[in-house]
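This report refers to the structure that appears directly beneath it.
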Amino acid sequence: MFARVGLRAARRQYASMACRRSASQWRSGPQGLGAKFKVGIVAGLFGTLGFYGFQAMTTPQRPTQLDSVANGKLVIPETVETVQPETKSPPFPAQFTYGDESYSLLGVGVRSVSFLSFHVYAVGLYIADSDKGKVKAILGPNALLEDLFDAEKGAELVSKLLNGGVRMDIRIVPVRNTDFGHMRDGLVRTTMANPRFKAEGNNEEFGEGLAQLKRAFGRKMTVAKHQILHLNRDRDGTLRIEYFKGNPETSVQEGMAMGAVTVPLVSELLFLQYLSGSKPSSESLRQNAIKGLAKLTL
Numbered sequence: 001m002f003a004r005v006g007l008r009a010a011r012r013q014y015a016s017m018a019c020r021r022s023a024s025q026w027r028s029g030p031q032g033l034g035a036k037f038k039v040g041i042v043a044g045l046f047g048t049l050g051f052y053g054f055q056a057m058t059t060p061q062r063p064t065q066l067d068s069v070a071n072g073k074l075v076i077p078e079t080v081e082t083v084q085p086e087t088k089s090p091p092f093p094a095q096f097t098y099g100d101e102s103y104s105l106l107g108v109g110v111r112s113v114s115f116l117s118f119h120v121y122a123v124g125l126y127i128a129d130s131d132k133g134k135v136k137a138i139l140g141p142n143a144l145l146e147d148l149f150d151a152e153k154g155a156e157l158v159s160k161l162l163n164g165g166v167r168m169d170i171r172i173v174p175v176r177n178t179d180f181g182h183m184r185d186g187l188v189r190t191t192m193a194n195p196r197f198k199a200e201g202n203n204e205e206f207g208e209g210l211a212q213l214k215r216a217f218g219r220k221m222t223v224a225k226h227q228i229l230h231l232n233r234d235r236d237g238t239l240r241i242e243y244f245k246g247n248p249e250t251s252v253q254e255g256m257a258m259g260a261v262t263v264p265l266v267s268e269l270l271f272l273q274y275l276s277g278s279k280p281s282s283e284s285l286r287q288n289a290i291k292g293l294a295k296l297t298l
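The opening position of the sequence shown corresponds to residue 1 in UniProt numbering, with each subsequent residue numbered one higher.
Set out below in structure tokens:
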């Protein structure tokens, strides 16, 4: 997602290292240089996402639970106040407030670049507390995990939730430095990667929705790691994007409203790419969040 800027930085770092090498460094053998070069590659390959914000509701004396990213078997207990994704990011709050609505965490995961296995950002899915009852009403009692995890059936069920007025929020915390341009490109590609895009996205209305998404990230800004981005989807499908620099998690911070996408299909396909399909943006998030949704139907 953030490869171009990172690779250029890595090349510059390697060139600078080559100029500074001394005879003593050469005598130390190639392993020392190789290790430094690897560090440069890792440091430069990705950017950061960053966004803190909404009022986090935390209780420090309660435990933090490590997310079971490898197999996605996490269902967040009510007694756990924060959940730690299996990556180097601050733990995710079990609840936060957005406006007058409180949201609860369904699951967390990690977005990684598969061919390098590098973590790009931690991600969590939240649901509006007052909409929890709608999940059981829409999916039915004791919704089958087999159906929710099926690529096609799962997408249909998640779409029913999104189109049924269930408000959700995606919280992204980058683990490497980045900028708005790379974040924009990544989210646009994610939306267009949904299988429905070819059949339903080739029209003027959808094009305007993508343009709104791009304009939201139009500022030329760098984003430091561990800042926060919130993608909040309202009942009518409007996607509101806010960026936060706040730290620590317990503080109340004013977010920067970046923009809104008013075409419901754009936000629907974006959320579907995190929650369904054979190639989700984060398999660990999909596994954990789907189990969290299924728990609401019991």
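Glycine included, each C-beta is placed from N, C-alpha and C at the ideal position.
Please read these numbers as outputs of a predicted model, since none were measured by experiment.
inquiry  = Once DSSP output is grouped into helix, strand and coil, what is the label at ASP129?
reply    = Mapped onto the sequence shown, residue 129 falls at position 129. It is helical.
key: Residue of LEU125, ASP100, GLU101 minimising C-alpha distance to TYR274   = Here the question's residue 274 lines up with position 274 in the sequence shown. Out of LEU125, ASP100, GLU101, LEU125 has the C-alpha closest to the C-alpha of TYR274.
ask   = Among ALA122, ASP234, ALA155, GLN212, which one has its Cα closest to the Cα of GLN227?
value = Taking the sequence shown and counting its residues from 1, one reaches residue 227 at position 227. When only C-alpha atoms are compared, the closest one is ALA122.
request  = In the DSSP assignment, find the unbroken alpha helix (DSSP H) run with MET183 in it and report its ends.
outcome  = Your numbering for residue 183 matches position 183 in the sequence shown. MET183: member of the alpha helix (DSSP H) spanning 180-192, first to last residue.
inquiry  = Below 8 Å on the Cβ atoms is my contact criterion, and I expect PHE180 with VAL223 to pass it. Report the Cβ-Cβ distance as a whole number of Å.
reply    = Numbered from 1 along the sequence shown, position 180 holds the residue referred to as residue 180. Numbered from 1 along the sequence shown, position 223 holds the residue referred to as residue 223. Going by Cβ atoms, the distance from PHE180 to VAL223 rounds to 7 Å, so yes, they are a contact pair.
message = To test your reading of the DSSP string, which unbroken beta strand (DSSP E) runs of 3 or more residues are found completely within the region 101-170?
response = Listed in chain order, the complete beta strand (DSSP E) runs (minimum 3 residues) inside the region 101-170 are 101-113, 118-128.
ask   = In angstroms, rounded to a whole number, what distance separates the CA positions of GLN212 and THR238?
value = Taking the sequence shown and counting its residues from 1, one reaches residue 212 at position 212. Taking the sequence shown and counting its residues from 1, one reaches residue 238 at position 238. Distance between the alpha carbons of GLN212 and THR238 is about 11 Å.
Beta-carbon proximity of LEU270 to LEU162, cut-off 8 Å = Against the sequence shown, residue 270 aligns to sequence position 270. Against the sequence shown, residue 162 aligns to sequence position 162. When the beta-carbon positions are compared, LEU270 and LEU162 stay at least 8 Å from each other.
inquiry  = Which of the three DSSP states is assigned to ASN177 in this structure?
reply    = Position 177 of the sequence shown holds residue 177. In the three-state reduction of the DSSP assignment, ASN177 falls in the coil class.
task = Look up ASN203 in the DSSP assignment and say whether it is helix, strand or coil.
result = Indexing the sequence shown from 1 puts residue 203 at position 203. Looking at ASN203 - three-state DSSP - the assignment turns out to be coil, as it is neither helix nor strand.
ask   = According to DSSP, is GLN95 helix, strand or coil?
value = As a first step, residue 95 is located in the sequence shown; it is residue number 95 there, counting from the start. Here GLN95 carries a strand assignment [DSSP, helix/strand/coil].
ask   = Within the chosen definition, does the region 166-176 reach the region 203-219 through at least 3 CB pairs nearer than 8 Å?
value = Judged by Cβ distances under 8 Å, the region 166-176 makes no contact with the region 203-219, as fewer than three pairs qualify.
inquiry  = Taking contact to mean 3 or more Cβ pairs, one atom from each stretch, closer than 8 Å, check whether the region 97-106 and the region 127-137 are in contact.
reply    = A contact exists between the region 97-106 and the region 127-137.
key: 7 Å Cβ shell around ARG215 - same chain, five flanking residues per side excluded   = For the purposes of this step, residue 215 is identified with residue 215 of the sequence shown, where counting begins at 1. Within the same chain, ARG215 has close Cβ partners GLY259.
ask   = In whole angstroms, what is the alpha-carbon distance linking SER278 and LEU157?
value = Here residue 278 corresponds to residue number 278 of the sequence shown, with the count starting at 1. Here residue 157 corresponds to residue number 157 of the sequence shown, with the count starting at 1. Going from the Cα of SER278 to the Cα of LEU157 covers about 15 Å.
query = Cβ atoms of LEU293 and VAL108: under 8 Å apart, would you say?
reply = Taking the first residue of the sequence shown as 1, we reach residue 108 at position 108. Taking the first residue of the sequence shown as 1, we reach residue 293 at position 293. Against a cut-off of 8 Å, the Cβ pair of LEU293 and VAL108 comes out as no contact.
ask   = For LYS88, which residues from the same chain have a beta carbon less than 6 Å from its beta carbon, with the 5 sequence-adjacent residues on both sides left out?
value = Stepping through the sequence shown from its first residue, residue 88 is reached at position 88. Apart from the 5 residues on each side of it in sequence, LYS88 sits with its Cβ closer than 6 Å to the Cβ of VAL175 in its chain, given in chain order.
query = Does DSSP classify LYS225 as helix, strand or coil?
reply = For the purposes of this step, residue 225 is identified with residue 225 of the sequence shown, where counting begins at 1. It is coil, neither helix nor strand.
request  = Less than 8 Å between the CB atoms is what I'm expecting for residue 331 and ASN142, so what's the real figure, rounded?
outcome  = One cannot answer for residue 331 here, as it falls past the ends of the chain, which runs 1 to 298.
request  = My understanding is that PRO85 touches VAL110, with C-beta atoms under 8 Å, so please give their C-beta distance in whole angstroms.
outcome  = Locating residue 85 in the sequence shown gives position 85, where the first residue counts as 1. Locating residue 110 in the sequence shown gives position 110, where the first residue counts as 1. PRO85 to VAL110, Cβ: 6 Å. Contact.
request  = Using DSSP bridges, identify the partner residues of ASN288.
outcome  = Position 288 of the sequence shown holds residue 288. Beta bridge pairing from DSSP links ASN288 with no other residue.
task = Look up ALA211 in the DSSP assignment and give the residues it is bridged to.
result = Counting from 1 along the sequence shown, the entry for residue 211 is found at position 211. Answer is none; ALA211 lacks a bridge partner.
ask   = What did DSSP end up calling PHE197 once you bin it into helix, strand or coil?
value = Reading the sequence shown from its first residue, position 197 is the one you call residue 197. Correct three-state label for PHE197: helix.
query = How long is the line joining the alpha carbons of GLU146 and GLN95, rounded to whole angstroms?
reply = The residue you call residue 146 lines up with position 146 of the sequence shown. The residue you call residue 95 lines up with position 95 of the sequence shown. Each residue's Cα considered, the two are about 28 Å apart.
ask   = Since PHE244 is in the alpha helix (DSSP H), which residue starts that stretch and which ends it?
value = Numbered from its first residue, the sequence shown carries residue 244 at position 244. Going by DSSP, PHE244 is part of no alpha helix (DSSP H) but of the beta strand (DSSP E) stretching over 239-244.
ask   = Where do the ends of the beta strand (DSSP E) carrying VAL83 lie?
value = Residue numbering aside, residue 83 sits at position 83 when the sequence shown is read from its first letter. Residue range 82-84 is occupied by the beta strand (DSSP E) that includes VAL83.
task = Tell me whether the beta-carbon of ASP185 lies closer than 8 Å to the beta-carbon of TYR98.
result = Here residue 185 is taken as the residue at index 185 of the sequence shown, counted from 1. Here residue 98 is taken as the residue at index 98 of the sequence shown, counted from 1. TYR98 is positioned such that its CB atom lies no closer than 8 Å to that of ASP185.
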